[in-house]
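A quick write-up on the structure given underneath.
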Amino acid sequence: MQIEQDLEKYFGYKTFRPGQKELIESILTGRDSLGILPTGGGKSICYQLPALILPGITLVISPLISLMKDQVDSLNEHGIHSVYLNSSLSSEDYFAVLDRINSGQVKLIYVSPERLKSESFLQLANDLPLDQIAIDEAHCVSQWGHDFRASYREIATFIDQLSERPVVSAFTATATNRVQEDIIHQLALENPYVLINSFDRPNLTFEVMEPESKKKTVIDLIDKEEAAIIYASSRKTVDRLSEWLRDQGLPVSAYHAGMSPADRMASQNDFIYERTNIIVATNAFGMGIDKPDVRQVIHYNLPTNLESYYQEAGRAGRDGLPARAILLYSPKDILTAKFLISQSNDPTSEGRLNDMINYATTSSCLRQHILAYFGQEAPDHCQNCSNCLQQVKKVDVSREGQMILSCIVRMAYPYGMTLVTDVLKGKKLQKIKDKHFDQLSTYALLKDMNVQTIKNIISQLISEGALAVNEYKGLSLTEKALPILKGNKCLYIKESAYIRSENKTKISQKAQSLTDHLSPEDEELFEALRELRYSLASEENVPAYIIFNNQSLLDMVEIKPKNYQEFLDISGVGPVKADKYADDFCQLIEDFVSIK
Ligand code: ADP
1 MQIEQDLEKY FGYKTFRPGQ KELIESILTG RDSLGILPTG GGKSICYQLP ALILPGITLV
61 ISPLISLMKD QVDSLNEHGI HSVYLNSSLS SEDYFAVLDR INSGQVKLIY VSPERLKSES
121 FLQLANDLPL DQIAIDEAHC VSQWGHDFRA SYREIATFID QLSERPVVSA FTATATNRVQ
181 EDIIHQLALE NPYVLINSFD RPNLTFEVME PESKKKTVID LIDKEEAAII YASSRKTVDR
241 LSEWLRDQGL PVSAYHAGMS PADRMASQND FIYERTNIIV ATNAFGMGID KPDVRQVIHY
301 NLPTNLESYY QEAGRAGRDG LPARAILLYS PKDILTAKFL ISQSNDPTSE GRLNDMINYA
361 TTSSCLRQHI LAYFGQEAPD HCQNCSNCLQ QVKKVDVSRE GQMILSCIVR MAYPYGMTLV
421 TDVLKGKKLQ KIKDKHFDQL STYALLKDMN VQTIKNIISQ LISEGALAVN EYKGLSLTEK
481 ALPILKGNKC LYIKESAYIR SENKTKISQK AQSLTDHLSP EDEELFEALR ELRYSLASEE
541 NVPAYIIFNN QSLLDMVEIK PKNYQEFLDI SGVGPVKADK YADDFCQLIE DFVSIK
């Protein structure tokens, strides 16, 4: 009971999220612990609450400066004294922080892993009453993960050099067994308690769309009042798409590794501080972004594996409120993705890309597909993904598949998807004449079929392994093509991928807004609260969600607290936040209610 009370006292939350309590209890008994919780699962509280209950200090090792700043800002908002030590501090600030630590005012110290190598830091750590070392984003220690960071390998040595070993806790959202084992081994965790939570994110709706125009679909999907991340696979696409969206009058930032660090930082801050609600970015963006109120993550291109996809998509809806994870799929993307992985020498990349393609093309439940990939059980239908909701029907395209395969055989050289499609469509191109493809028996065999559908069937053949793609994106048959050619195996595509030329299906739909369920008056109140939050955040120079998250604002709309005591009932409001904000927010609510 005590730790529930502490949760409410410090963070204003009434119940734990799954796994939090078990991990906290384990840490408090002094046992090393490894928590594997999905993004948005609430990992921070798992080490922050023990830090507050234990008498001494917790050292948090965190990979990114922006992540530390966000966490420290958020803790200080809750009245919890915490600091960070990293290269962003001037030497004056650094010594001021050291003074605060030495005077015993601080409960949590965030540091980058590089700092652990410094002799003076080791000395400081040995002089402090360290109770816990918490390692955030612990998968950075593993080279099997996607964010390997060499200095994470120094953590075990650092802990070993301490005169007294504190309890060690480690946290990640990365699910694969190999990475989990590596974390335990590399961090030298002692007989750790390991908690692996369900990777499901029930509040996320997973969607795959195959639109004719991705750009137009993005416009349809975007609600400029709500935060959205759009991931694209290349810097060029990020630049072009962000410019185009800006031309359409949308508030957009761009982010990729080709920009200067200052420009990247400015873009990131514009997004976090709600000056622009939409960011178009490569996968360089995201780690260290804790923004909880992202309502949509749209993938403009096909990612190269499901681990990265799930991690990026998981940046939507960390606040637990409904959010969408949308993949805009086009068969062309397979070729680009194949090209990207051909640059890497990871032997598993081909198989992982195929799993990603299967996700994009499957007609079964998307959530089940993801969870099965991470080795977790799930029901056959989640009723919250585009496949379950649309009850996807399949179309038998075995005959067309045979025509495509025999056309590729007859072209007698690994040509790309576009030329193969042009030959099947019977296009009168000079290139086709020069190579005498117009003489082939397969020329114009699919002249009545929509070009996109032909490409979708070719993609299905690639995803089933019947066609191989070489480094120049040329197509050739594999032995898996034989059963299809002989009619021993059927080929299906989703009905939505079978586009009838005259009847173009419109797949995109406007995002559901957070306030759809509210009455018009309450919706107005929500907007007014949001504005108040924004102005307070600007005054304090912190992101708006650090003051209150959307769930807290929705609670205020529902409960309409009249005084300090009632304000404390709002989720996410502890005494410190109530002291600071109850007056302003209750006043606004009172004014609002009396006018209406
Ligand atoms: P993670 O690091 O696992 O991605 P965070 O620790 O950033 O997730 O938590 C995500 C969001 O959930 C934060 O806004 C946090 O305040 C909130 N949160 C965490 N635990 C709870 C809880 N028990 N009840 C309600 N909200 C919570």
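Residue numbers (the UniProt record's numbering): 1 to 596. Just so it is clear, CB atoms sit at the ideal spot from N, CA and C, and this is done for glycine as well. Because the structure is a prediction, the values reported are computed rather than measured.
Separation of residue j from residue i, as counted between CA atoms
i, j, result
"Ala-511", "Lys-486", "Note that Ala-511 has pLDDT 49, beneath the 50 cutoff, so the model's placement of it is unreliable and the number below is only indicative. Each residue's Cα considered, the two are about 45 Å apart."
"His-256", "Thr-304", "17 Å"
"Leu-98", "Ser-112", "15 Å"
"Lys-504", "Ile-3", "Because the pLDDT at Lys-504 is just 35, under 50, the model does not fix this residue reliably, and the value given afterwards should be weighed accordingly. Using only the alpha carbons, I get a separation of about 56 Å."
"Ser-501", "Glu-524", "Residue confidence for Ser-501 is low, a pLDDT of 46 falling below 50, so the modelled location carries little weight and cannot support an answer."
"Pro-55", "Val-208", "49 Å"
"Leu-85", "Lys-580", "27 Å"
"Asp-6", "Ile-27", "15 Å"
"Phe-171", "Phe-199", "14 Å"
"Ala-578", "Phe-567", "7 Å"
"Glu-350", "Ala-378", "26 Å"
"Ala-325", "Gly-314", "8 Å"
"Thr-157", "Val-83", "23 Å"
"Tyr-94", "Ser-62", "17 Å"
"Glu-181", "Ile-36", "12 Å"
"Ile-133", "Tyr-10", "20 Å"
"Tyr-309", "Pro-261", "25 Å"
"Tyr-472", "Ser-342", "10 Å"
"Met-449", "Ser-538", "56 Å"
"Asp-293", "Leu-189", "34 Å"
"Arg-31", "Tyr-193", "7 Å"
"Leu-588", "Leu-529", "8 Å"
"Ile-357", "Val-280", "22 Å"
"Ala-444", "Val-423", "6 Å"
"Lys-214", "Glu-22", "44 Å"
"Asp-290", "Thr-421", "44 Å"
"Arg-533", "Leu-195", "36 Å"
"Thr-176", "Leu-371", "12 Å"
"Ala-138", "Arg-153", "10 Å"
"Pro-202", "Gly-375", "17 Å"
"Asn-197", "Tyr-564", "36 Å"
"Gly-12", "Pro-50", "16 Å"
"Asp-522", "Val-141", "47 Å"
Unbroken beta strand (DSSP E) run spanning residue i, endpoints
i, result
"Leu-568", "Per DSSP, Leu-568 belongs to no beta strand (DSSP E) and is neither H nor E."
"Val-252", "252-255"
"Ser-82", "82-85"
"Tyr-13", "Per DSSP, Tyr-13 belongs to no beta strand (DSSP E) and is neither H nor E."
"Gln-132", "130-135"
"Tyr-492", "492-494"
"Leu-189", "Unbroken run through Leu-189: none, as it is neither H nor E."
"Val-280", "278-281"
Boundaries of the alpha helix (DSSP H) in which residue i is found, first to last residue
i, result
"Gly-401", "398-411"
"Gly-35", "Unbroken run through Gly-35 is the beta strand (DSSP E), 33-36; no alpha helix (DSSP H)."
"Asp-99", "91-102"
"Ile-65", "65-77"
"Val-451", "451-463"
"Ala-481", "481-485"
"residue 613", "Outside the modelled stretch of the chain, which goes from 1 to 596, sits residue 613, for which no answer is possible."
"Leu-54", "Looking at the DSSP string, Leu-54 is not in any alpha helix (DSSP H), and its letter there is neither H nor E."
"Val-557", "550-559"
"Glu-527", "520-540"
"Ala-156", "155-161"
"residue 597", "Because the chain is modelled from 1 through 596, residue 597 falls outside the range shown and cannot be assessed."
Nearest-angstrom beta carbon gap, residue j and residue i [assumed within contact, 8 Å]
i, j, result
"Leu-335", "Val-469", "6 Å"
"Tyr-300", "Leu-241", "7 Å"
"Asn-550", "Leu-514", "6 Å"
"residue 673", "Val-297", "A query on residue 673 cannot be resolved here, the shown segment of the chain reaching from 1 to 596 and no further."
"Asn-126", "Ser-163", "5 Å"
"Thr-361", "Lys-494", "7 Å"
"Ser-476", "Ile-408", "7 Å"
"Val-576", "Gly-79", "3 Å"
Sheet register partners of residue i (DSSP bridge)
i, result
"Arg-264", "Per DSSP, none; premise fails for Arg-264."
"Arg-324", "Thr-205, Gln-296"
"Phe-171", "Gly-35"
"Tyr-110", "Val-60, Tyr-84"
"Cys-385", "Phe-206"
"Leu-475", "Val-469"
"Val-395", "Ile-493"
"Ile-229", "Ile-279, Val-297"
"Leu-195", "Gly-35"
Proximity test, Cβ basis, 8 Å: residue i and chain B
i, result
"Asp-434", "Absent from the structure is chain B; it holds one protein chain and no more."
Contact test: residue i Cβ vs ligand 3 heavy atom, cutoff 7 Å
i, result
"Arg-295", "In terms of ligand content, the structure shown lacks ligand 3 and carries ligand 1 instead."
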